[in-house]
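Notes for the one structure printed next.
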Amino acid sequence: MNFIKKLFKNKYLQDVMIIFSFAMITIFMTYSKIKTGNIEVYSDWSFHGLRAEQIFLNLKRGNFLTFIATDAFQHTGVGNFLFYPTVFLYPWAVLRLFFKPVTAFYCWYGLIMLATFIIAYFSMKAFSKHRIAAMVFSLSYTLGSYHLYLATAVFGEFIAASFLPLAFWAFYEVLFRNDSKWPWLGIGMSLIIYSHILSVFITSEIMFVIFVIKLIFDKVSKKRFLALIKAAGLSFMLTLFIIVPYLTDFIGKNVTSAQPGVAPVMIKTLMNVLEASFNNNVSPSGIGLVLILTAVFGSLWILKAHSKILTAIYVLGISLIIVSTGSFPWNVLSDTPLGMIQLPVRYLSYASMFLSVILGLAVKDLYESETFDTTFKKGMVPVLVICIFMLFYAGFHHDSLNALKNSQSQFLKNTETFNQLPDRTFVNNSNYDYLLNYPVKYGELDYYPEKARRSTGVVSYNETNLSIINNIVVVGRKKIHVSPLCESNKMTYKLHTRKQTEVDLPAIRYKGSYAEVNGKKATLIDSNRGTIKFRAKKGINTITVGYSPSKSYYVGIIISVMTWISLLVLAFYRKGVFKINHG
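Okay, so the sequence shown: first residue is 404 according to the working numbering, each after it adds one.
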């Protein structure tokens, strides 16, 4: 008993034990999946998996930076590395240098999960100044149904979700409590930008609503307003290397991205969300039983709490559930800037986060009540909390393992022709490379030129973009298939031309694209496919095409790195500003 009392007095040891618990949960979540030797591939998995694979192949060649797809995405040179953040895919790629594909993926998955546990814990601890509230929040948010769904394949949002608690805690500090915490807001937003651009849009949108509500019911001092501006400036400096390619190669260059607009088929009804949540299904339309019960009964605790802030958080959580469904007028707003989000269910990440705050603080109040009036009882609360959340997680884990173990009949087969990736398939260490032979399930045409994407009036596969995907070179009026020699950020073709003629290669052209013919730089001309086109001389031509970023890109990297270093130095000398944990 004396040991338990001493433990409760040692605040650092308590944090260590809680983090150790998170680590054990993460190992439980990942090790058994590694043992199956299989990965389920569906939805966005192939898009992110192949981007990680391209980075890995370039790292093997000694090149750290990846700009375009050469080995992956059908050797088209598409620039999804330029316009879709890749920072947090690098750990996956680095793990591939040391482990087989299946082990590398699940280790990366575990690292992101553990990071989410820890960031959520310390963010909530800083907000509530209570470990139990922080622990409950972290477990509820990280093991929430929607977050577990993201973890299966939707990796952009999955990574971004790790940093939402940090960004919103820092925003709360700047707007309501300690505005000197503005560096954390800049850091939090930057880490989201490093993960998923649409999550930045949704996060900013919700923060703007909170800011406007604050203006309506109170006032925002000049000091707090300046702190918000400083946070934005810091975020700009930290993400300059991501911003620059948009400025140089995307904006005004007729390059397409994922298609905006909210399609009616993508809108879930409120009943869909409630049903999936009460069934505790891991799905894109539910937040899980614990959080939906918090949404239903949280009002009883809110009435007793008498707190404007907590009431606002609870109302935000409920409102975002509604916004994620057809109860919100998405049919009217689809063609507005709000339609950029494409999938309204993305708001469920934020609803889960706000409702997890309410749940954490409600459990904290129970913990401090007379019900738990002894040291032993208080010591049992963390154990009970972990057991309850793991009990809810166990069903999903069991089903997921069974699917992985019984997947033999759905293993991915090799293909040498254009075949769409199955809706649901499985890979292991033996057939993992087969993924390179398929177009990804969603996003193969993202960041293609508008000429290739819309040339036949549709945004799906058509004659023009299929000719690029199938590596068709147009020499004069003749079409031939040529497989390039792939290197880091460049590809080499060998062609024999009988006369001087125009050559149109199946490689996407951006502002930074170039072509060298027999070692000499070629002048590029317009192509009706949006690809690299030039005039070749008669004879055997060795043609190298690739992408070279502007000098401003490298300046952006230097500025971002120096800003991170400056923050570390300031963190060492000004600990009060960067201190996140309390209690």
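We treat Cβ as the ideally placed atom computed from N, Cα and C, and that holds for glycine.
Buried versus exposed call for residue i [16 or more other C-beta atoms within 10 Å across all chains shown]
i: Gln-811; result: exposed
i: Gly-922; result: exposed
i: Gln-477; result: buried
i: Ile-705; result: buried
i: Glu-819; result: exposed
i: Ile-619; result: exposed
i: Phe-799; result: buried
i: Thr-867; result: buried
i: Ala-797; result: exposed
i: Pro-586; result: buried
i: Lys-528; result: buried
i: Gly-636; result: exposed
i: Glu-771; result: exposed
Residue from the options with nearest C-alpha to residue i
i: Ser-963; options: Tyr-509, Tyr-597, Val-539; result: Tyr-597
i: Thr-473; options: Ile-725, Phe-423, Lys-954, Ser-886; result: Ser-886
i: Leu-973; options: Trp-511, Phe-467, Lys-584, Asn-868; result: Lys-584
i: Asn-684; options: Leu-546, Gln-457, Met-756; result: Leu-546
i: Met-669; options: Phe-829, Thr-728, Val-658; result: Thr-728
i: Lys-902; options: Lys-881, Ser-916, Gly-915; result: Lys-881
i: Ile-928; options: Arg-938, Glu-919, Val-920; result: Arg-938
i: Asn-657; options: Tyr-850, Val-577, Gly-440, Lys-924; result: Tyr-850
i: Leu-641; options: Phe-975, Val-748, Tyr-976, Ser-969; result: Ser-969
i: Phe-821; options: Ile-789, Thr-672, Leu-838; result: Leu-838
i: Leu-673; options: Val-665, Ser-772, Ser-730; result: Ser-730
i: Glu-853; options: His-801, Tyr-552, Ile-911; result: Ile-911
i: Lys-767; options: Arg-499, Ala-518, Ser-531; result: Ser-531
i: Glu-890; options: Ile-725, Ile-458, Ser-446; result: Ile-458
i: Ala-556; options: Ser-930, Ser-686, Pro-667; result: Ser-686
i: Ser-755; options: Ala-630, Leu-736, Ile-725, Phe-558; result: Ile-725
i: Asp-447; options: Phe-425, Phe-558, Ala-679, Gln-417; result: Phe-558
i: Asn-931; options: Met-743, Asp-907, Ile-605; result: Asp-907
i: Lys-816; options: His-801, Asp-836, Asp-802, Leu-804; result: Asp-836
Inter-residue Cα distance where the pair is residue i and residue j
i: Thr-895; j: Ile-935; result: 13 Å
i: Gly-942; j: Phe-653; result: 36 Å
i: Ser-435; j: Phe-757; result: 31 Å
i: Ile-613; j: Gly-763; result: 21 Å
i: Asn-809; j: Thr-469; result: 36 Å
i: Ile-871; j: Pro-909; result: 5 Å
i: Tyr-845; j: Leu-453; result: 12 Å
i: Ala-537; j: His-709; result: 20 Å
i: Val-843; j: Tyr-864; result: 12 Å
i: Asn-461; j: Val-481; result: 15 Å
i: Gly-993; j: Lys-924; result: Residue 993 lies beyond the range of the chain shown here (404 to 986); nothing can be said about it.
i: Cys-510; j: Ser-624; result: 46 Å
i: Val-699; j: Asn-675; result: 16 Å
i: Leu-769; j: Ser-424; result: 22 Å
i: Pro-663; j: Asp-738; result: 8 Å
Segment limits, beta strand (DSSP E) that includes residue i
i: Met-894; result: 893 to 900
i: His-884; result: 881 to 884
i: Lys-854; result: Run containing Lys-854: none in the beta strand (DSSP E); it sits in the alpha helix (DSSP H), 853 to 857.
i: Glu-819; result: From DSSP, Glu-819 is part of no beta strand (DSSP E); its letter is neither H nor E.
i: Lys-936; result: 934 to 939
i: Arg-827; result: 827 to 830
i: Val-877; result: 875 to 878
i: Glu-919; result: 916 to 920
Cβ pair residue i, residue j closer than 8 Å
i: Val-647; j: Tyr-956; result: yes
i: Gly-691; j: Tyr-717; result: no
i: Ile-595; j: Phe-566; result: yes
i: Thr-945; j: Lys-893; result: no
i: Ser-541; j: Ala-563; result: no
i: Val-505; j: Asn-831; result: yes
i: Tyr-750; j: Leu-723; result: yes
i: Gly-949; j: Tyr-917; result: yes
i: Glu-443; j: Phe-814; result: no
i: Ile-422; j: Ile-521; result: yes
i: Pro-747; j: Val-665; result: yes
i: Leu-578; j: Lys-617; result: yes
i: Phe-561; j: Ile-515; result: yes
i: Tyr-544; j: Ser-688; result: no
i: Ser-526; j: Trp-572; result: yes
i: Ala-679; j: Gln-745; result: no
i: Tyr-445; j: Asp-826; result: yes
Extent of the continuous alpha helix (DSSP H) run through residue i
i: Val-958; result: 954 to 976
i: Glu-678; result: 673 to 681
i: Pro-586; result: 585 to 596
i: Gly-718; result: Inspection of the sequence shows that residue 718 is occupied by Val rather than by Gly. Taken as a continuous stretch (DSSP letters only), the alpha helix (DSSP H) holding Val-718 covers 711 to 726.
i: Ala-910; result: That residue, Ala-910, is in no alpha helix (DSSP H); its beta strand (DSSP E) goes 904 to 911.
Cβ-heavy atom distance, residue i to the ligand SAH, below 7 Å
i: Leu-973; result: The model on display carries no ligand, and the ligand SAH is accordingly not part of it.
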